[in-house]
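Every position in the sequence shown, counted from 1, becomes a number in the numbering used here once 17 is added. Built from N, CA and C at the ideal position, the CB exists for glycine as well.
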Amino acid sequence: MRGKYIFDHKKDTEDIGVAIELYNQAMRIEPSLVAAKAGLAEALIHKGEFDRANIELISAAADAHKRGLKSDEATIHMMLAKSHEFQSRWDDAEKDAQTALGILSELGDLAGEAEVLGVLIQTLLRRAKFSKSLELYDRVLEINHQLDDDHKAAEALKNMGNTFHRMGKYVQARSLYEEALEIARKKQNRALEAACLGNIGISFFYMSEFDESLRHYEEALKIDMYLDDQTGMATRYNNIAIVHLTKGAFRNARTYFEKAAEAYEKLGEKGSFALASNNVAGVLVTLGEYDEAIKISTASLRIAEELDYPMAEVFAHDYLSQALFCQRFTDLALEHAKTALQKAIDADLPRNQAFTCSNLGEMYFHLGETKLSREFFDRALKLGNDLKKKETQFKASSYLAFLDIMEGGKDDGIDRLRAIVAQTHLQPDPIYIVLSQRLLGQALLQFGTTEDDTKNGTRILKESLDMATRREIAYEVKIIQKLLSNVTT
Numbered sequence: 018m019r020g021k022y023i024f025d026h027k028k029d030t031e032d033i034g035v036a037i038e039l040y041n042q043a044m045r046i047e048p049s050l051v052a053a054k055a056g057l058a059e060a061l062i063h064k065g066e067f068d069r070a071n072i073e074l075i076s077a078a079a080d081a082h083k084r085g086l087k088s089d090e091a092t093i094h095m096m097l098a099k100s101h102e103f104q105s106r107w108d109d110a111e112k113d114a115q116t117a118l119g120i121l122s123e124l125g126d127l128a129g130e131a132e133v134l135g136v137l138i139q140t141l142l143r144r145a146k147f148s149k150s151l152e153l154y155d156r157v158l159e160i161n162h163q164l165d166d167d168h169k170a171a172e173a174l175k176n177m178g179n180t181f182h183r184m185g186k187y188v189q190a191r192s193l194y195e196e197a198l199e200i201a202r203k204k205q206n207r208a209l210e211a212a213c214l215g216n217i218g219i220s221f222f223y224m225s226e227f228d229e230s231l232r233h234y235e236e237a238l239k240i241d242m243y244l245d246d247q248t249g250m251a252t253r254y255n256n257i258a259i260v261h262l263t264k265g266a267f268r269n270a271r272t273y274f275e276k277a278a279e280a281y282e283k284l285g286e287k288g289s290f291a292l293a294s295n296n297v298a299g300v301l302v303t304l305g306e307y308d309e310a311i312k313i314s315t316a317s318l319r320i321a322e323e324l325d326y327p328m329a330e331v332f333a334h335d336y337l338s339q340a341l342f343c344q345r346f347t348d349l350a351l352e353h354a355k356t357a358l359q360k361a362i363d364a365d366l367p368r369n370q371a372f373t374c375s376n377l378g379e380m381y382f383h384l385g386e387t388k389l390s391r392e393f394f395d396r397a398l399k400l401g402n403d404l405k406k407k408e409t410q411f412k413a414s415s416y417l418a419f420l421d422i423m424e425g426g427k428d429d430g431i432d433r434l435r436a437i438v439a440q441t442h443l444q445p446d447p448i449y450i451v452l453s454q455r456l457l458g459q460a461l462l463q464f465g466t467t468e469d470d471t472k473n474g475t476r477i478l479k480e481s482l483d484m485a486t487r488r489e490i491a492y493e494v495k496i497i498q499k500l501l502s503n504v505t506t
């Protein structure tokens, strides 16, 4: 009992060690003590010692079965399922969860069944078994209605919405979130209300309804602030920043990314702080504040390396490479970008790989290394297509069209660039609008053969310069100004 109390009220790693020793003492007195074995396993899982934990849990499950302690046996199999899930042993996790479900069904323990179903669903979702997960959520909802537990019913609806979201079915997801929101408001569950509002905001974001997305995020933020929920506030600040970033409101994006970083730092969540700081650095690169971007990315990289957090490391290297390249530290910039790509490959982060390949393609383009530029943009486009990542598709397609023009495919390449520019209304981020216009204007100026080509190219570049200046896209302003300075009038 004392070991359980110390573990449940742990403040540091020493408390976990004390709890483990107390459990071991109890087992020396009574080797088949199920509660001690389960408690020891729980502490070992917390320490990440999964293999040792599994040995204790398997032994505890056998003892519980032998002594007819059905409820304890079910709990231990659920713990085993969680341990296997942490280790990505999905088949073992599913097997133990199903064993626990069988016992609980026999006992008629509906609450326990719902809890184990939650574990099983997470295991299925990890393997993208969405249809089966939704079937089990229906059973969870049925149980919650039988138990008259509206709070857990609302949680289940929210989680079902999350599943539809992962399937890309945003309308269905939003419908479930709104149903959960109605229950949360009825029961005055403000934390769940904020979570549902945030998820509805995410659904609107993925449907490109950015104003509605922002409205729901801000409503959720008000509740988070009322509850003094720092985690909720940090999440909402980050989401609001992403909407502003997507709309090209870079100053607003910077403000909210900084708020998110501050909230994560206050919470002591170093990994999330590193990611949020990287986001600040990325915006600073766009705004042309390169020294500050380098300073923040360097600090973020240091934290990410200490935590062994690959995603944060990759982003830090990426934004360092961009800031350094803009300051003409070419070799160092390429070194950071290549490091980012290798780390993204090693950690199996395809979205990061797409971003970094696009980054490298652009750097080699400006260095006149057209073969390498094409190689990385080809890789970026393939990844972008696989991931349905519009920003990567847009950027890579634009540069590849220009590279084709350089290699003799003028008419086809210019037509493709014109088609891309014509579709810019589908891309709210001004960075990509300016990029495609700049490449089209540049193509007409450099490879056009008529006076109209020169006039149209100049006009398009001036329009892109106007947008780049208004939106403070510093590196594009510099590139376009140089192109226009070469135009003879």
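Could you check the C-alpha separation between Asp89 and Ala81 for me, to the nearest Å?
6 Å
Contact set for Ala485: own chain, Cβ-Cβ below 7 Å, skip 5 residues either direction
Val451, Glu493, Val494 and Ile497
Can you grab the Cα-Cα spacing for the pair Thr475 / Gln339, in whole Å?
27 Å
Boundaries (first-last residue) of the alpha helix (DSSP H) holding Leu164:
From DSSP, Leu164 is part of no alpha helix (DSSP H); its letter is neither H nor E.
Using a Cβ-Cβ cutoff of less than 6 Å, which residues in the same chain neighbour Tyr281 once the five nearest sequence positions on both sides are dropped?
Ala251, Ser289, Phe290 and Ala293
Gln440 by DSSP, collapsed to three states: which one?
coil
Rounded to whole angstroms, what's the CA-CA distance from Ala371 to Asn473? Just pull it up for me.
32 Å
Delimiting residues of the alpha helix (DSSP H) encompassing Ala491
Ala491 to Ser502
Close-in-space but distant-in-sequence residues of the same chain around Leu457 (CB under 6 Å, 5 per side omitted):
Leu434, Val438 and Ile477
Backbone CA spacing between Asn295 and Asp335 [nearest angstrom]
9 Å
So, using beta-carbon positions, are Tyr254 and Tyr273 closer together than 8 Å?
yes
If I measure Cβ to Cβ from Gly430 and keep anything under 6 Å in the same chain, skipping five residues before and after, which residues do I get?
Ala418, Asp421 and Ile422
Same chain only: Cβ atoms within 8 Å of Ser453, ignoring 5 sequence neighbours per side
Phe411, Ser415, Leu434, Ile437, Val438 and Thr441
Looking only at C-alpha atoms, which of Ile72, Ala170 and Asp308 sits nearest to Leu158?
Ala170
Please return the same chain residues whose Cβ sits closer than 7 Å to the Cβ of Ala128, not counting the five positions on each side in sequence.
Leu164
Could you spell out where the alpha helix (DSSP H) holding Ser230 opens and where it closes?
Phe227 to Leu244
DSSP on Thr272, reduced to helix/strand/coil?
helix
Which ranges would you report for the alpha helix (DSSP H) in the stretch 117 to 178 if only whole runs of at least 4 residues count?
127 to 143 and 147 to 163
Counting only the same chain and skipping the five closest in sequence on each side, list residues whose C-beta sits under 6 Å from that of Lys499.
none
Rounded to the nearest angstrom, what separates Leu301 and Asp108 at their Cα positions?
45 Å
Opening and closing residue of the alpha helix (DSSP H) in which Glu306 lies
Premise fails: Glu306 is in no alpha helix (DSSP H) and is neither H nor E.
Quick one: using the 10 Å Cβ neighbour count with 16 as the cut-off for buried, is Asn216 buried or exposed?
buried
Could you give the distance in angstroms between the alpha-carbon of Ala131 and the alpha-carbon of Lys264?
42 Å
Can you list, in chain order, the stretches of the alpha helix (DSSP H) that have 4 or more residues and sit fully within the stretch 311 to 347?
327 to 343
Among Phe393, His233 and His383, which residue has its Cα nearest to the Cα of Cys374?
Phe393
Taking the alpha helix (DSSP H) that Gly425 belongs to, which residues open and close that run?
Here Gly425 belongs to no alpha helix (DSSP H), and DSSP marks it neither H nor E.
Measuring alpha carbon to alpha carbon, tell me which of Glu66, Asp167 and Lys287 ends up nearest Lys203.
Asp167
Within its chain, find whatever has a CB closer than 6 Å to the CB of Ile508; leave out the 5 residues flanking it on each side and keep chain order.
No answer is possible for residue 508: the residues shown for the chain start at 18 and end at 506.
Residue closest to Leu97, alpha-carbon to alpha-carbon, out of Lys360, Ala117, Lys87 and Asp155
Ala117
Nearest-angstrom Cα separation, counted from Met177 out to Glu192:
For the sequence presented, residue 192 should be read as Ser rather than Glu. Cα to Cα, Ser192 sits roughly 10 Å from Met177.
Exposed unless 16 or more other CB atoms sit within 10 angstroms - verdict on Lys388:
exposed
Please give me, in chain order, every unbroken run of the alpha helix (DSSP H) with length at least 4 that falls completely inside the stretch 368 to 409.
387 to 404
Coil, strand or helix - Asn296 by DSSP:
helix
Got a sec, what are the start and stop residues for the alpha helix (DSSP H) Arg475 sits in?
One point to set straight first is that residue 475 is Thr, not Arg, in the sequence displayed. Element bounds for Thr475: Glu468 to Arg487.
So what does DSSP say about Asn255, is it helix, strand or coil?
helix
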